[in-house]
Each structure stands twice: as C-alpha cells, then as structure tokens.
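Numbering (the numbering used here), first residue to last: 8 to 217. Worksheet: one structure, shown below.
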C-alpha cells in the first residue's frame with residue numbers, strides 16, 4: 008500500500024463516518040466557528056429535524072381534526088334529528104300547535120279547567136309566569152267580564168331543532184268576545200314557540216309573539 012493511500016485510510020479511521028460515506032473530522036467540528044461540542048446524551052441533528060417537522064405537522068393537523076369533529080357532531084347530533092327522524096319533527100310541531108291553542112282558548116264556564124290543561128303543556132319559567140297571569144288576569148276577566156277566546160292554528164314551521172329543544176313559528180287565528188263586546192272579533196298573529204323535551208314530552212318553555 009502506498010504512503011498516500013495509507014494516509015487517506017488513517018484520516019478516515021480518525022474521522023466520524025456519516026451518511027453517504029461522508030467523513031467528518033471530530034477535531035474539525037470542534038474547531039469550527041460557532042460550533043458547540045455535542046453532549047453524548049443530546050439527540051443527533053437528524054432526530055431534531057424530524058421532531059420539529061412532526062410538531063409543525065401536528066399543530067396544523069389539530070385544528071383540522073377539531074373542525075372535522077365539530078362538523079360531524081353538528082350533522083349527527085342536530086341535523087340528523089330533523090332529517091332522519093321525521094316523527095320527532097311531527098311531535099315538536101304538534102306540541103307547539105296544541106300548546107298554542109290551549110293557551111289562547113278559554114271560556115267563562117270552564118276557565119279553571121282550560122287554564123289547568125294549558126299549564127300541563129308548559130314548563131320552566133314560562134309555566135310560573137302563566138300560572139300567575141291566569142290567577143291574576145285571565146280567570147277574573149273570564150268570570151267578571153265574560154271574556155271568551157278561541158284559537159285555531161293555521162300553519163306552523165320548524166325554525167330550529169336540537170336533541171332536547173326546538174323552536175317553531177306558529178301562525179294562529181284567534182276570536183274573542185266579552186259581555187261588553189258580544190260580537191266575536193277575529194285577529195291573526197304569529198308566535199315563536201320554544202319547546203323542550205322532558206321525560207319524553209315536548210313542553211312549551213317560551214311563547215313570544217312575533
């Protein structure tokens with residue numbers, strides 16, 4: 008073996024062999040400007056490269072996954088109730104319509120029973136409000152002034168629906184009469200009715216004229 012080849016092999020033996028057969032002298036790395044000696048426990052540069060790129064990819068992927076989950080929950084939890092179970096929608100519309108009719112229908116002879124039936128279709132704070140309103144206003148007016156009202160739902164439409172709550176727009180024709188005005192007066196109105204499901208029943212929790 009020539010002296011030149013022997014010198015090359017000795018230099019390779021003293022160096023660190025990296026990928027693709029590239030030889031780097033350990034002393035040269037230590038003496039390079041700005042280079043710091045690498046501790047034995049420190050991961051090699053290539054591992055850090057992949058770690059940085061994996062972290063960046065993860066940061067990008069997480070919002071995408073979160074958005075996908077939110078969209079999936081929306082379609083499966085809310086939209087599917089309305090689209091795949093039409094019986095639920097029918098129950099909601101019926102509860103809103105029946106409750107509206109009951110709230111707006113009473114006569115002097117049966118006002119206690121009429122309002123009691125209406126209260127059985129309500130829930131929450133609206134039930135409390137209606138109970139007080141009937142005791143203080145409706146029942147006394149029906150008995151003393153012979154106020155009588157009737158209501159008929161002409162049509163209704165679903166505004167929004169969730170597993171345990173829904174909003175319905177109800178259109179209603181109402182007639183009313185009293186001792187002072189015995190001739191029935193007709194009126195048409197629309198009401199935004201909120202219903203909530205409790206123990207398998209849809210009950211009115213809000214009643215807002217539009």
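In this text, a Cβ means the ideal position worked out from N, Cα and C, and glycines have one as well. Quick caveat: nothing in here was measured; it's all calculated off a predicted structure.
- In the assembly as shown, residue 164 is an exposed residue. Its beta-carbon has fewer than 16 other beta-carbons within 10 Å.
- Nearest neighbour of residue 180 by Cα position, chosen from 127, 197, 135, turns out to be 197.
- In terms of Cα proximity to residue 172, the closest of 215, 211, 158 is 211.
- Taking a C-beta distance under 9 Å as the contact criterion, residue 176 and residue 217 qualify as a contact pair.
- Rounded to whole angstroms, residue 157 and residue 140 show a C-alpha spacing of 18 Å.
- When the alpha-carbon of residue 167 is set against those of 207, 185, 202, the nearest one is in 202.
- Per the coordinates, the alpha-carbon of residue 127 lies some 14 Å from the alpha-carbon of residue 112.
- Residue 210: member of the beta strand (DSSP E) spanning 208-216, first to last residue.
- Our two residues, residue 93 and residue 188, have alpha carbons roughly 44 Å apart in a direct line.
- Under the three-state reduction of DSSP, residue 187 is assigned to coil, being neither helix nor strand.
- Here DSSP, grouped into helix, strand and coil, assigns residue 108 to helix.
- According to DSSP, residue pairing for residue 173 in a beta bridge involves 168, 202.
- Take residue 191, set aside five residues on each side of it, and the residues of its chain with a beta-carbon closer than 6 Å to its own are 182, 184, in chain order.
- Cβ contact annotation for residue 119 (same chain, cutoff 7 Å, sequence separation greater than five): 146, in chain order.
- If you draw a 10 Å sphere on the C-beta of residue 137, you find 16 or more other C-beta atoms in it, and that means buried.
- With respect to the 9 Å criterion, residue 200 and residue 109 are not classified as neighbours on the basis of their beta carbons.
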